[in-house]
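Heads up: the sequence shown begins at 306 in our numbering, then just goes up one per residue. The block underneath contains the structure these notes are about, expressed in C-alpha cells.
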Amino acid sequence: MKLKSHINQIIQDAFTKADISHEAMSVSEATKPEFGDYQFNGAMALAKKLGKNPRVIATEILNHLDFTGALSKGEIAGPGFINLWLNPLWLASECQVASLDERLNIVKKETPIKAVIDYSGPNMAKQMHVGHLRSTIIGDTLANLLHFLGDDVIRQNHIGDWGTQFGMLIAYLEEQNEDGSVSLKDLEKFYKEAKGRFDEDATFADKAREYVVKIQSGDTHCLNLWQKFIDISLGHCEEVYEKLDVKLTRDDVRAESFYNAQLPKVVETLQNRGFLEESNGAKCVFLEGDEIPVIVQKGDGGYLYATTDLAALEFRANTLEAKRICYVVDARQAGHFKQVFTVAKNAEFVASDVSLEHIAFGTMMDKGGKPFKTRDGGTIKLINLLDEAVIKAKESINNKDDYSESELADLAKTIGIGAVKYADLSINRESNYIFNWDKMLSFEGNTSLYLQYAYARIQSIFRRFDGKIEGKILINDALEHRLSVMLLRFEDILNRAAVDASPNQLTTYLYELATLFMRFYEQNPILKEGVDEETKMSRLQLANLTAKTIKQGLEILGIKVVNKL
Ligand code: ARG
C-alpha cells in the first residue's frame, strides 16, 4: 500500500473540486499522535502564492476532502496546517488485504528499470578489508531492495585484478613450487614477502617487470599464473561472501581486466571529442573547478583506475542498458566518482538520463574511535571477524539446552552474522561507524537480535494458539490504530530507502514497528483468558502481519529470522 500517495490523491481531488490549481504537494507523517496520522502543510505556501489567508485556503480544502474512504477526520491547526486522521475501518481492511498477500500488498513497480549495483570490489592483490565488508553488506541490501520493488538488478563485483603489482605477485607465486593454495592463504603475508623479494633481489625485480609486460601482451604462461592467483584470491573472498550470506556469485564478477580491450578506445574517444589535454606527458581531462585533472593515460602508456571506470560506465549504460548505476564505495573515493561521472556525461559515454550515484559510506572505527586495525596495525582478517561474531553470538544464547548441537550452530550463525550486518546497516551510511560487539549483540535497542526476538515472540504466540485464524481485523484502540498505520507505511519506507539508497531508513522503521508491537502486546493480550474470540482473532492477525513485515524487512537486509529464541 502506497499510503502517502493514496492520501495525496485524496487531497489532490479536493483541490480539483475546490477549483484551486497548484503544484503537487505531499502530506507528511504527523509528528505527534494528537496531530492525527498525517499532516498537510501545503496551504501556507499556496496562500502566499495566491495572496490569500492560509486558513481560508485550508478550510476550502478541508470542505472538499472525501471522508468516506481512507480519511475519517480533518482539522485545521495553527496558521493553516491540516491534521488528518485515518479511518479505522479502512485501516483494518487494508491490513487484512496485506496480511493475506504474499508480498504484503506491495505491487512491483509498473515501470521497472535496469539498475547496476557495483559493490564489494575487493582487490585481488590484497586481503579484503573492513571497507569491502561495508560495501558488501550495504550493496547487497540495496540490490535486494531494488529487486523486491521490481527493478531488474544487475550485481557487479568490480574486483581489482589488474596492475603492475601482479607481475611481482605471479613471479613470486611461480617460485613457490606448489599450487599456491598454501602460500596464498594469507594474502597480506604473501604480498609482503613478494615485495621483500622485489626490493632485495634485482634479478627477481627484473623478472617481475618482465612479467608485467608479459601478462599485458597475453603470454600464456604468465596469464595462467595470473589466472591461478586470481582464482585463489577470489576464493578467499567467496568464503567471506558465503559466511556473510550475501548473494554475490562468480557470475557477478566483472573485473577491471574485463575492460582492458576498451581502454585505448576510451582515450581515443575523449581525444576525438576534444576533451584531452597533455600534462607532463600524461593524457588528462581538466574539469571546471577542479585543480586535479582526471588522468586517463600515463606518459608510459599505462591506463588508470579512472580509465577503467569510464569504460565500465560506458559498458553498463550502453551494453547492460542500465538506467541507474550505483557505486557502493568508501566515501574517500567521492572525488574520483564525481570526476568520472562528470567526464562520462560530458563526453557522452553515458546518456544524460542515466542516474549515476556514488553510494558513499564512512570508515569503520574501533571502540576507541580509531580506524579498525589489528593491534600491530595490520588489516583485520574478515573471515576471523565473522567467525568471532558467531562464537560471541553462541555465548550470548542463554538457554543453550533447548537446542541440539546443530540447531545451536545455525542459531549462532543467524544471530552473529545478522548482528554484524544490522549494526552496519542501521547507521546513516555516510557516518563513520564504530564497531562494538556488545552493542550489536544486545537484545535491547535497535539491533537485529531485538527484531529477531520480536519475531520469535510472535511465533511463540502462534505455537500456543495452534488453531485456524478466522474473522476480521478490528481497530479498537489508539495502539491498534497506530500499529496498523505503521504496518501500512512499509511500502512507503521501502520506496524512500530505495530512492535514497539508505538501508537505515528501513532498520529505523523495523525497530519502531517492533517496539510499537511490544507495547501493543503488553496492553492488548491475545491468548489470555477473558479475551473474546473476535478480539483474539483480530489481534492474532495484527501480530501475524507484524511478524511478516519484520521477516520481509530483515530478508531485504539479508538477515534471517528464527522461530524460537
Ligand atoms: N577495488 C576498489 C577498492 O578497493 C573498489 C572498486 C569500486 N568500483 C569501481 N567501479 N571503482 O577501492
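We put the CB at the ideal spot given by N, CA and C, even for glycine.
Cβ neighbour criterion (16 or more within 10 Å) applied to H526 | exposed
Going by the CB atoms, is the gap between L793 and L811 shorter than 8 Å?
-> no
Beta-carbon spacing of H463, G436 below 8 Å | no
Please indicate yes or no: does the CB of P427 lie closer than 7 Å to some heavy atom of ligand 1?
-> yes
When the Cα of R734 is compared with those of I831, I702, I442 and G674, which residue comes out closest?
-> I442
Stretch-stretch touch, CB-based, cutoff 8 Å, three pairs: the region 707 to 715 with the region 637 to 651 | no
Go to R621, then tell me how far its alpha helix (DSSP H) extends in each direction, as first and last residue.
-> First-last for R621: undefined, no H or E at that position.
Are there 16 or more other CB atoms within 10 angstroms of the CB of Q846, so buried, or fewer, so exposed?
-> buried
Under the DSSP definition of a beta bridge, which residues are partnered with N676?
-> Just to set this straight, residue 676 is Pro in the shown sequence, not Asn. M670.
Enumerate in chain order the residues of its own chain whose CB-to-CB distance from A375 is below 7 Å, with the five nearest sequence positions on each side excluded.
-> H311, I312, I315, L391, N392 and W395
Hey, is F740's beta-carbon within less than 8 Å of any beta-carbon in chain B?
-> In summary, chain B is missing from the structure at hand, where a single protein chain is found.
Within 10 angstroms of its Cβ, does P359 collect 16 or more other Cβ (buried), or is it exposed?
-> buried
What three-state label does DSSP hand Q432 in the structure shown?
-> coil
Secondary structure of V572, DSSP reduced to three states = helix
Give a yes or no on whether the C-beta atoms belonging to C631 and A420 are separated by under 8 Å.
-> yes
From A848 to Q644, what distance separates their C-alpha atoms?
-> 50 Å
Report the residue from A476, D484 and E515 whose alpha carbon sits nearest the alpha carbon of Y496.
-> A476
Can you check the region 313 to 339 for any beta strand (DSSP E) of at least 3 residues that lies completely inside it and give the ranges in chain order?
-> none
Under a three-way DSSP split, which group does K628 fall into?
-> coil
Hey, out of L405, T554, A617 and K697, whose CA is closest to G723's CA?
-> K697
E583 lies in the beta strand (DSSP E); which residues open and close that run?
-> E582 to S584
Given R578 as reference, the closest of Q567, L568, V590 and G586 once Cα atoms are compared = V590
Assign Q846 to one of three DSSP states: helix, strand, or coil.
-> helix
Look at the alpha carbon of R787 and the alpha carbon of D371, and state the distance between them as a whole number of angstroms.
-> 21 Å
DSSP-derived helix/strand/coil call for Y932 = There is no way to answer for residue 932, as the model of the chain reaches only from 306 to 870.
If you count every other CB in all the chains shown that lies within 10 Å of the CB of G594, and 16 or more means buried, which is it?
-> exposed
Own chain, CB closer than 7 Å to P417, minus 5 neighbours either side, in chain order = G455, D456 and D457
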